[in-house]
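Protein chains in written order, with this note's numbering: chain A, -2 to 144; chain B, 24 to 1108.
Here a beta-carbon is modelled for each residue, glycine too, at the ideal position from N, C-alpha and C.
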């Protein structure tokens, strides 16, 4: 299960937060844990360079893209490698929507599109689409070209 | 350049203004009214939905009314034909997740979309329906969903399949009907559809092993397009492998080739998944492991942190079970210590600590010292734990490791971290006696500046136990008394108790301690004052050096010896009255915990939290338990308690296991019983033991269990007497007997498995810190060496661990670990045998190409008479029965081992028989002049017998056969038989066990028919010597004498005769002074 997708700005404010199968009372804990993890480790990290951590049986893969940081949390079959695959899809979709690694402003400008992309990529904790061109078409309700 | 500057300026301005700045829920809800406009503005509507999404993603929640209002408004947007807006509508409906009574508003629109010609409408409608509907609607749309699964558009198929995975949890019976369609989708050409279909198909069939196995066999042969699906397939494959080997399937591991092939896949994800699957195979051999380790090693130097992390995490796990297999990666691992990612660095360090050899410890510790300063506490704790295990593995390195621990103890750190360090030091002190003094001093230094009251009090308590036993206890007093001056009341009180312990245990310190204790009488905390007063008055208040009364010591510092929970209950139930509360009224019976509670308190206390005996804590508990039972309290010191042996299969009505407690003259079997039938209450539970196959044991006492309720384990005991100090062995059959209360007390029985008392039960696992020193100190005088062929074995490692398990001794210096692919191995074991005899064993193994394993066993023990050594030797062959040494016995050697690959299934391998023959008790010792020696022994102790040896090949052959049989030294060259001679005399001499000189004259004669006759004359120093030769002959008479109870002299004549098939007949004649004089008995044997 892909437990969480969280996107924050460089100050650690949450921009997007999508949890799956995480009880409401634990979400706050996860949010602060991830933001702290980023604050401790993401300084000076290059765009899209992946960082990885594990907490008990839960894996976390996170990275920086422009002025936003992206965190993915998974367990069981979504281990560090599956998460790195998923985060690659997320970052490339965001870059595609924004045209470049986004500033916070740009990210918020394209907020609706980004939400649609995330909806196509991760759906109720399962990885659904992984191809950025297809995602680009799907968020406009255009059929994929590659079939 | 100017342009770039301008861009930057732009960005700064941009960043200041957020499109959602000052966003308010109320205002956005107002804006949502645009959804109701008759002329919809798609762009504006999309903007409002984005704002709603932003609010929801920020964790804002809508009230029921707000959500309903927005939801109804949103449904109006289905009228718009704008694609972008429709996509947003799908998303916001999912986010709003309307309640079931509202869903009805959109279902018709969504159903319409499901049948739409536009593929993406269909896909999205399925996903929205999956999110918002419950099972009732599913039957209505099932038909469309089945079509969607096999839709040629991969987006639609994936949407239906992923929805199926979600629906499977709520409506499994419906989704299971789709397996044909899903099966078809697994063959889809679209990679993602295949991935989703495979996931769903496996979930549908996960409880059907055969179906999963078929699925795996067909797919591993075919092509799987997406790496993600390939990863799933690898996981399912390893599941099939696990299950097939659990069913006892032997031979080649199925699908290993497939896994190995995946190691060459182009996607890293697949390679890694395959490597991990291989490392997790149970009973994986080093040959299977090698290719996986190789690819993981490549990942270690990857530029991608995720791959490095994944690889080091997997290798870390492998290091726990196959440390030698990982050593090849040590160099790459060492470079990871400086990895930017601290998770990777910590994993690398802990892996190195597991795989490193003794020589590398110092270098490794240097590297870790630099590393420790820049990682978080939770990582440090992992490292500290790893260092503790390393120290126990290489006790000789305790100085380096202890120094490291004391250094990090001085540095900054939180409570959990400090506690981990202190626990580690305490464990090392307990396990390595040499480390005690320095370890205690480190702890003393630590409490001088310790901010944690809990740790200070725990350390003070520990100091009180261990400090007085050191060579110079006075040096600790300063640290302890400083606590009385400087710390808070809790720590002060603990310090007072510790001081008093020193005073009570070390007489020379007593007067000075009393001076300190008296100062505590003026403390401003009453607990501290009370304690000081108590100690001063009980331990000889005048401060003079007097022998402190044992009872006082026991009262003050001994354990309460009763369960604290019982004491607590008794105190709570005590009502103030004339009669004072008495500890004697507290029940000593240990109440067993139901399993559920036990699981809740699963975390085992370690270090300071554990009772002071540390590693022997289970023995301690057993000892207390047994001494609390009056019947067993006189048995003396408990020597050893075995690990529980299961007497029932898993998941039977009653679960019973047995713990064998060995005492010097007794053996107590503790049967732990659990009743797993909720409706039943068992009463008067006993075990009926049949010890007919355990001759030396005699049943003494039984302690039944009064009642055994459901799910609450209880114990019943049976005690046996056995000869003192003798490692008696035997087999015990058991029947569980009880009354079932529900059936009006009907008595019932339940057959349990048999178990055996084996020689290793008499061996305590006690390690030595320096094997070489210990070995040398025992000296070669008490050494015995033997060689054994263990026959073909699966691997050297398996043979080593089987022998270690058989001997029940403690492997030393990490020698239980066998290097992968090595052809020979030396294993060092130590232990204490019953009678408190220290035993050391060196095992040298060698393996041939045919997997035949040979073993050389050298034993040294403290005791010359060493039964222990003999027992160890016999154990080396398998489970041998010990016998009276002079008996003529025959042993069937049976090597019993558990084959790891078969998941611990016990297996047997028949070895050849061998015999211990009388000649083994005869030393070949020649005499210089046989005639003189013969005459000097005189005819009084002579016995003469004649034998027909039957037709023989030649006289020469007959002579040498008899000489071989007797195992004596031929004298004066009489072993040489002249060619063609018809008669010969042979003179033999030897020393029989018991240092009895024996001389033999053999006269042979041969007839024409090659029948050889032999006359045998024996003379010996001792009458008893007559036993010797008789054993080899076909008939023999043995004379015995003794004094029977009542001072009656008894003489016995035993006449034996051996018939062709080794049937032995014995005639026994007894004469005694008593009137019941003579008896004749014939015992065929």
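Which residues in the same chain have their Cβ closer than 7 angstroms to the Cβ of residue 476/B, if we skip the five residues on either side of it in sequence?
For residue 476/B, where only same-chain residues beyond five positions count, the Cβ hits under 7 angstroms are 511, 513 and 514.
In chain order, each alpha helix (DSSP H) run of at least 4 residues that lies wholly inside the region 56 to 101 of chain A
Those alpha helix (DSSP H) runs which fall completely within the region 56 to 101 of chain A and span 4+ residues are 77 to 95.
The region 170 to 189 of chain B: positions lying closer than 8 angstroms to chain A by Cβ
Residues 175, 176, 177, 178, 181, 182, 185, 188 and 189.
Name, going along the chain, the residues of the region 279 to 307 of chain B whose beta-carbon falls closer than 8 angstroms to a beta-carbon of chain A.
Correct list: 291, 292, 295 and 296.
Nearest to residue 67/A by CA position, among 12/A, 24/A, 97/A and 116/A, is which residue?
When only C-alpha atoms are compared, the closest one is 12/A.
For residue 567/B, I'd like the list of residues in its chain whose CB is within less than 6 angstroms of its CB, leaving aside the five on either flank, ordered along the chain.
Low local confidence applies: a pLDDT of 48 at residue 567/B is under 50, so the model's placement there is unreliable, with the coordinate-based value given in what follows. Taking C-beta separations shorter than 6 angstroms and ignoring five residues to either side along the sequence, residue 567/B has no partners in its chain.
Does DSSP put residue 1024/B in a helix, in a strand, or in coil?
Correct three-state label for residue 1024/B: strand.
Determine the direct distance from the alpha carbon of residue 752/B to that of residue 715/B, and round the result to whole angstroms.
Rounded to the nearest angstrom, the two C-alpha atoms are 12 angstroms apart.
Among the residues of its own chain, which have a CB less than 6 angstroms from the CB of residue 858/B, if the five just before and after it don't count?
The residues are 748.
Quick one: using the 10 Å Cβ neighbour count with 16 as the cut-off for buried, is residue 219/B buried or exposed?
Residue 219/B counts as buried, since at least 16 other C-beta atoms from the protein chains shown sit within 10 angstroms of its C-beta.
Does DSSP classify residue 907/B as helix, strand or coil?
Its pLDDT being 27, under 50, residue 907/B is placed unreliably in this model, and the value from its coordinates should be taken loosely. Residue 907/B: coil per DSSP, three-state reduction.
Looking at the unbroken beta strand (DSSP E) that takes in residue 481/B, where does it start and where does it end?
Per DSSP, residue 481/B is not a residue of any beta strand (DSSP E); the alpha helix (DSSP H) it occupies stretches across 476 to 489.
DSSP state of residue 545/B mapped onto helix, strand, coil
In the structure shown, the three-state DSSP call for residue 545/B is coil.
Is there a Cβ of chain A sitting closer than 9 angstroms to that of residue 364/B, yes or no?
So yes, residue 364/B belongs to the interface.
Are the CB atoms of residue 94/B and residue 125/B nearer to each other than 9 angstroms?
Yes, the pair counts as a contact, with Cβ atoms nearer than the cut-off.
Within 10 angstroms of the Cβ of residue 750/B, are there 16 or more other Cβ atoms? Answer buried if so, exposed if not.
Around the Cβ of residue 750/B, a 10 Å sphere holds 16 or more other Cβ atoms; the residue is buried.
Using the Cβ count rule (16 or more neighbours within 10 Å means buried), how would you classify residue 891/B?
Because the pLDDT of residue 891/B is 42, which lies under 50, any placement of that residue in the model is unreliable, and the number read from its coordinates should be weighed accordingly. By the 10 Å Cβ count, residue 891/B comes out buried.
Whole angstroms is fine: what's the gap from residue 831/B's alpha carbon to residue 840/B's?
When rounded, the distance between both Cα atoms is 16 angstroms.
Report the three-state DSSP secondary structure of residue 710/B (helix, strand or coil).
Residue state, collapsed to three classes: strand.
With a threshold of 9 angstroms between beta-carbons, can residue 625/B be considered close to chain A, or not?
Residue confidence is low: residue 625/B scores 38 on pLDDT, short of 50, so the model does not pin down where it sits. No coordinate-derived value is stated.
heavy atom of the ligand SAM below 8 angstroms from residue 299/B C-beta
Only the bare structure without any ligand can be found here, which leaves the ligand SAM out of the picture.
Just mark residue 350/B as buried or exposed, buried being the case when its beta carbon has 16 or more other beta carbons within 10 Å.
By the neighbour-count criterion, in which 16 or more other beta carbons inside 10 Å mark a residue as buried, residue 350/B falls on the buried side.
For the alpha helix (DSSP H) containing residue 378/B, name the first residue and the last one.
Per DSSP, residue 378/B belongs to the alpha helix (DSSP H) from 365 to 378.
Between the Cα of residue 691/B and those of 1044/B, 755/B, 560/B and 957/B, spot the shortest distance and give me the residue it belongs to.
Checking every option, the nearest Cα to that of residue 691/B belongs to 755/B.
Out of 965/B, 1000/B, 991/B and 842/B, which has the shortest C-alpha to C-alpha gap to residue 342/B?
The alpha carbon of residue 342/B has as its nearest neighbour, out of 965/B, 1000/B, 991/B and 842/B, the alpha carbon of 842/B.
Where does residue 738/B sit, in a helix, a strand or coil, going by DSSP?
DSSP places residue 738/B in the strand class (E or B) of the three-state scheme.
Give me the DSSP bridge partner(s) of residue 945/B.
DSSP lists 1015/B as partners of residue 945/B.
Give a yes or no on whether the minimum CB-CB distance between residue 55/A and chain B is below 9 angstroms.
At a cut-off of 9 angstroms, the C-beta of residue 55/A has no neighbouring C-beta in chain B.
What are the residues of the region 81 to 92 of chain B that lie near chain A, defined by any Cβ-Cβ distance shorter than 9 angstroms?
Going along the region 81 to 92 of chain B in chain order, one finds 81 and 82 with a Cβ nearer than 9 angstroms to chain A.
Indicate the three-state DSSP secondary structure (helix, strand or coil) for residue 203/B in the structure shown.
In the structure shown, residue 203/B sits in a helix (DSSP, three-state: H, G or I).
Using a C-beta cutoff of 9 angstroms, does residue 39/A count as contacting chain B?
With a threshold of 9 angstroms between beta carbons, residue 39/A makes no contact with chain B.
To the nearest angstrom, how far is it from the Cα of residue 134/B to the Cα of residue 199/B?
Here the C-alpha atom of residue 134/B lies approximately 22 angstroms from the C-alpha atom of residue 199/B.
Note down the Cα distance separating residue 230/B from residue 175/B, rounded to an integer number of angstroms.
Each residue's alpha carbon lies about 30 angstroms from the other.
How many angstroms separate the CA atom of residue 114/B from the CA atom of residue 91/B?
Distance between the alpha carbons of residue 114/B and residue 91/B: 16 angstroms.
If we cut at 9 angstroms on Cβ distances, does residue 120/A have a partner in chain B?
A Cβ of chain B is located within less than 9 angstroms of the beta carbon of residue 120/A.
Could you tell me whether the Cβ of residue 89/A comes closer than 9 angstroms to any Cβ of chain B?
Taking CB atoms only, residue 89/A has no neighbour in chain B less than 9 angstroms away.
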